[in-house]
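Q: Chain order of the listed sequences is A and B.
Each residue of the first sequence is one higher than the last, beginning at 1 in my numbering.
Each residue of the second sequence is one higher than the last, beginning at 478 in my numbering.
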Amino acid sequence: MAEQSREALILKTLGRPSPKFFLLLAVAGGAVAWFAYAWSFMLRYGMITTGLADWGSAGGVTWGMFIGGYIWWIGIAHGGIIISAAVRLFNLRTFMPVARLAELLTLCALSMAALFIVLHLGRPDRMVVSIVRAFPRAIFSSPLAWDVLVITLYFTLTATYIALTVRQDLQAIRGGMGNEAAVGGGRARGGYFSRSRLGSSTVRGYTGGQYAGRGQLPALPALVHRVLLTGYKPEESKKVERMVWWLALAVIILAPLFLHGGVIPWLFAILPSMPGWYGGLQGPTFLSIALTSALSGVIIIAYIFRRVYGWEDIIPDSVFKGLTFFLIIFAMLFLWLQIQGLVTGLYAAPVGVEAVTRAKVHSFSYWLAIGLVAVAVAYLGAQRLRPSLFSPHRTFVVAFLPLVATLLEKSLFVVEGIMEPRFSLYRAVPGAYKPSWIEVSAIVGTIGLVVMFFALVPKVIPVVEVTTDEDRREHNA
Amino acid sequence: MATELNSDRPQRQRSEQQGGEPVRTTIRNLELARHVARDAQRVVAGDLSEQEFYERYHEAYLHEFGVDSRAISRQEVPNVASGQGAAKGAMAERPKPMINGPLSRRAFLMLAGGGAAAVALAATLGRLVPQVAYARTEGSSESPRAQGAVEGSQAVKRIQMGMVIDLERCTGCLVCVDACHRENNTEEGVHWMYVLAYKDENKEGVNFLVRPCNHCTNPPCVKVCPVMARHKREKDGLVLTDQDICIGTRYCEVACPYGVNYFQWGEPNPDTEMIRQHGRKDYRGRTVEFNPPRGVMGKCTFCPQRQDSEGKRGTTSCQQACPHDAIHFGDMNDPNSAPRQYLERRRQEKGGYLSTFRLLDDLGTEPNILYIGHQPSRSAKQVDGPITYEDWGWVDRRGDVLEGPRPWFMRVFGG
Ligand code: SF4
Ligand code: SF4
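Shown next as structure tokens:
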């Protein structure tokens, strides 16, 4: 495909929106508005409206879907890292076209997770003051403080990372990048980690493009571009390139080790009060299902963009094939860890562990969640063995299964953990719980927010990197 | 981190079981206590610097207790940094506020463990927020174990209020539950004091388990709190929630293995006359008493309003109310305290063989309720007692009555 039309295709997202776009915004906005109503209702009357209650003599469940939704969104937020790791550390260029989409997903999914924590609080009004004041000491003891730290770090790193790479891209499409500097930077460092250095070759042949000039862009994107490009100097590309590499490395180490393989499961795994939570198995279990759901999220978003913008060549089939490969691996890991939990929890387990494992085995939602993951693994596996079964569309549909399963499984994990505490003498144990309309509205509302995010952001910045591998090779030659 | 807030457990058991040296642990000088309390409030209000506060009372503390852990923690800084022994006089020359004491000691330990970066960050943040100073000295790591790490084995004997509850005398009348309701004005279905009647294998009839908060020596609820609202009061080891700081994560509630926490899900009861007059602040000026406001955690407090008063110090509402003298409240580290004396008496009565237990002791929480009687087995089942919660006109299962207002669409559709 010719260079120019590829870029024109990518930049299509910046173009004039269609009526369907506004319809989408309206639907998503409706969900968000409903969520805002639910939240305001809860703020007005207190958490008593949620159907949560104390465990113990009161026969309730203290943490519910808000925490379930929190874990779910954090899991999805891992999409960005996997893709970054694949592209930058393992040199899997296949995933380059969805790298930025995945990073954007990370950014908004993390925000949704943070939102769920705020939703969960009894006193959100004092959140900032209380957390900041106690932080220097709380960080030494409270897993929730660790969470705040790691999530903030992860968010900052990802946001910086996106900002830096987008800046390079914007400069490229505006045709303003200094040739000499870009060439010098590229030559000086060689190697692969250099999506940013190719300004000159990208710019070549593109300056006549539809949206190349500031004047042709609508006012808002033009403004955003100008802000993002503040103080841009052609010489910066070399430095930026190195920063981006280190950022990627930091994020990749941080997220799997300390986020879903660390502080998120530790919220639960350190508490012997709830045998269903306690133990080292939670780390790998959380991480495996998080990565599964993250890949599902990326597949879904990538497919939608491909459909909407006719990007069959920009996001080729190979991307989906590659993503499903990893999805299968992580999902199988998850299923295998479930077997570990079930066998050790039922064979000769201590009373508390056995009670919670039994409750799990007797729960329909649990088997539904496991079934969904198993079906996804089976189908996607068959697709790999028999290429004739493959189609991006089917992959897209199947990708919803692990997403639903994760939300189910993790909410169940939280709720059932509290239902079967170690101290079970209370008559009111196990407590009762059913998700309230407010909690369900929060899930729907955050999905609405993410849809709006993915509708609006592409109107402002290119969501696929403009530079290609050919550019790089050509440039390096 | 695990050492934080721990008192020296082996030591406690030793002194308890073998009747170790009596240690003087109560403030006899009430005048001093009053002054300290007043000035502590001034510190919180910002009228008095911490430095002045600690210096003002250092001598008195030393005189009263023979040791002032606050002053010690200040000395550690030069100790650690320069490797020199600290002279007592060095303290006065150090303008460094108390707040950096525990942090710096920890900083040293962490550096040794390779956590330099985290400590630097925390220390910087710590300087940015000096307001927390007082809050952070509370429940800080002046534990004997932590001190031993720096200073050798000079352990501090602390006061730890607790209870000996004689389950063999309990009849399940629920008078203590009622007394707690009255004292603390708790909500319908909120039982800071809860009595479980249960049937058990190999036990005749109905047995009882009287369950306030354990005010654990190693409380997981304190460890997990991200804003340090849940804390252990230094003076007497009470585990309390600062109602002005709590953000309602409910993490303490899931971390506590005993199910003693009750969140304020909706609007609280209007305050009683007694609360209006007394206020909710304890002697340090922290809001920790009575039924909490909306969105904040509540649980048995060991009645600090009484512990800080002159007339009712060393009593709790439930303990005083119990018609069968089953609850004995006092300093568990003091062999001369009421609960320890009672325990000793009962032991002698039984010819030296007294069955006692602490609830879920294997979880390492070091609970401070010591029960006389037999521990419920895993097959024990809660049953209705001779007098039920309903007989008293209360709600037992609070979850059933926790229902907020319903939105319009539910009213319309009758959902
Ligand atoms: S019993 Fe529970 S709430 Fe009370 S101190 Fe121990 S852990 Fe904390
Ligand atoms: S000590 Fe005080 S707060 Fe605790 S149960 Fe007894 S009366 Fe209630």
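Using N, Cα and C, we set each Cβ at its ideal position, and we do this for glycine too.
Is there a Cβ from chain A that is less than 8 Å from the Cβ of Cys733 (chain B)?
A: yes
Q: Comparing the C-beta of Asp873 (chain B) with each C-beta of chain A, is any distance below 8 Å?
A: Cβ-Cβ to chain A under 8 Å: yes for Asp873 (chain B).
Q: Can you pull out the residues from the region 101-131 of chain A whose beta carbon lies closer than 9 Å to at least one beta carbon of chain B?
A: Ile117, His120, Leu121, Gly122, Arg123, Pro124, Asp125, Arg126, Met127, Val129, Ser130, Ile131
Q: Just the C-alpha distance for Ser84 (chain A) and Val251 (chain A), rounded to the nearest angstrom, thanks.
A: C-alpha separation (whole angstroms): 9 Å.
Q: Below 8 Å, can you find three or more Cβ-Cβ pairs linking the region 719-727 of chain B to the region 867-881 of chain B?
A: They do not touch, by the three-pair rule.
Q: Based on Cα-Cα distance, which residue from A:Thr165, A:Tyr303, A:Gln340, A:Tyr366 lies nearest to Val397 (chain A)?
A: A:Tyr303
Q: Report yes if the C-beta of Ser288 (chain A) is less than 7 Å from at least one heavy atom of ligand 2; otherwise report no.
A: Not one heavy atom of ligand 2 sits closer than 7 Å to the Cβ of Ser288 (chain A).
Q: So, is Leu91 (chain A) buried or exposed, given that buried needs 16 or more other C-beta atoms within 10 angstroms?
A: What sits at residue 91 (chain A) in the sequence shown is Asn, not Leu. For Asn91 (chain A), the number of other beta carbons within 10 angstroms of its own is below 16, and it is reported as exposed.
Q: Quick one: what's got a C-beta closer than 6 Å to Ala540 (chain A)'s C-beta in the same chain, skipping five residues either side?
A: In the structure as shown, chain A begins at 1 and stops at 477. Residue 540 (chain A) is therefore absent and cannot be evaluated.
Q: Measure the alpha-carbon distance for Met243 (chain A) versus Leu101 (chain A) and round it to whole angstroms.
A: The alpha-carbon atoms of Met243 (chain A) and Leu101 (chain A) are separated by roughly 20 Å.
Q: When we look at the beta-carbon of Asn845 (chain B) and count the other beta-carbons within 10 Å, is it buried (16 or more) or exposed?
A: buried
Q: Mind checking Arg753 (chain B): buried by the 16 CB within 10 Å criterion, or exposed?
A: exposed
Q: Taking DSSP's pairing of strands, which residues face Asp808 (chain B) in a bridge?
A: B:Met638
Q: Less than 7 Å separating the Cβ of Glu664 (chain B) from some heavy atom of ligand 2?
A: no
Q: Classify Val701 (chain B) as helix, strand or coil using the three-state DSSP reduction.
A: helix
Q: Under 7 Å: does the beta carbon of His801 (chain B) sit that close to some heavy atom of ligand 1?
A: No - ligand 1 has no heavy atom lying nearer than 7 Å to the Cβ of His801 (chain B).
Q: Rank A:Tyr161, A:Phe21, A:Leu291, A:Arg358 by C-alpha distance to the C-alpha of Phe326 (chain A) and give the top, closest one.
A: A:Leu291
Q: Taking Asn746 (chain B) and Glu664 (chain B) to be in contact with their CB atoms under 8 Å, please state how far apart those CB atoms are, rounded to whole angstroms.
A: 6 Å
Q: At a Cβ cut of 7 Å, what residues of the region 713-733 of chain B count as close to chain A, listed as they run along the chain?
A: Ile722, Cys723, Ile724, Gly725, Thr726, Arg727, Tyr728, Glu730, Val731, Ala732, Cys733
Q: On a Cα-Cα basis, can you pick out the residue from A:Thr158, A:Thr152, A:Thr324, A:Asp147 that is closest to Phe268 (chain A)?
A: The shortest C-alpha separation from Phe268 (chain A) is found at A:Asp147.
Q: Taking 7 Å as the cut-off, is the C-beta of Met809 (chain B) nearer than that to any heavy atom in ligand 2?
A: no
Q: Looking at C-beta atoms only, is the number of pairs between the region 352-364 of chain A and the region 409-423 of chain A that lie closer than 8 Å three or more?
A: yes
Q: For chain A, find out if any of its Cβ atoms is closer than 8 Å to the Cβ of Met705 (chain B); answer yes or no.
A: yes
Q: Return the residues of the region 49-77 of chain A that lie within a Cβ-Cβ distance of less than 9 Å from chain B, sorted by chain order.
A: Thr49, Thr50, Gly51, Leu52, Ala53, Asp54, Trp55, Gly56, Ser57, Ala58, Gly59, Gly60, Val61, Thr62, Trp63
Q: When you compare the CB positions of Trp669 (chain B) and Tyr735 (chain B), do they come within less than 8 Å of one another, or not?
A: no
Q: For Lys858 (chain B), which of helix, strand or coil comes out of DSSP?
A: DSSP places Lys858 (chain B) in strand when its eight states are reduced to three.
Q: Taking Pro136 (chain A) as the reference, which of B:Asp808, B:Arg855, B:Val704 has the closest Cα?
A: B:Val704
Q: Mind listing which residues of the region 845-872 of chain B have their C-beta closer than 8 Å to chain A's C-betas, in chain order?
A: Within the region 845-872 of chain B, the residues whose Cβ lies closer than 8 Å to some Cβ of chain A are Pro853, Arg855, Ala857, Lys858, Gln859, Val860, listed in chain order.
Q: Does any CB atom of chain B fall closer than 8 Å to the CB of Arg197 (chain A)?
A: Unreliable placement is indicated for Arg197 (chain A), whose pLDDT of 35 sits below 50; the coordinate value is still reported in the next sentence. At a cut-off of 8 Å, the C-beta of Arg197 (chain A) has no neighbouring C-beta in chain B.
Q: Going along the chain, which residues of the region 760-772 of chain B sit with their C-beta nearer than 9 Å to a C-beta in chain A?
A: Pro770, Arg771, Gly772
Q: What in chain B is Cβ-close to Arg358 (chain A), meaning under 8 Å?
A: Chain B residues near Arg358 (chain A): none, gap ~14 Å exceeds 8 Å.
Q: With a floor of 4 residues, list each alpha helix (DSSP H) that falls wholly inside the region 221-297 of chain A, ordered by position along the chain.
A: 236-254, 264-269
Q: If you scan the region 692-753 of chain B from start to end, which runs of the beta strand (DSSP E) of 3 or more residues do you find wholly inside it?
A: 707-709, 716-718
Q: Does the Cβ-Cβ distance between Pro124 (chain A) and Val132 (chain A) come in under 8 Å?
A: no
Q: At 9 Å on the CB atoms, spell out the chain B contacts of Tyr379 (chain A), in chain order.
A: In chain order: nothing, as chain B lies at least about 37 Å away.
Q: Report yes or no: do the region 396-412 of chain A and the region 343-352 of chain A share at least 3 C-beta pairs separated by less than 8 Å?
A: Flag = no, the region 396-412 of chain A and the region 343-352 of chain A do not touch.
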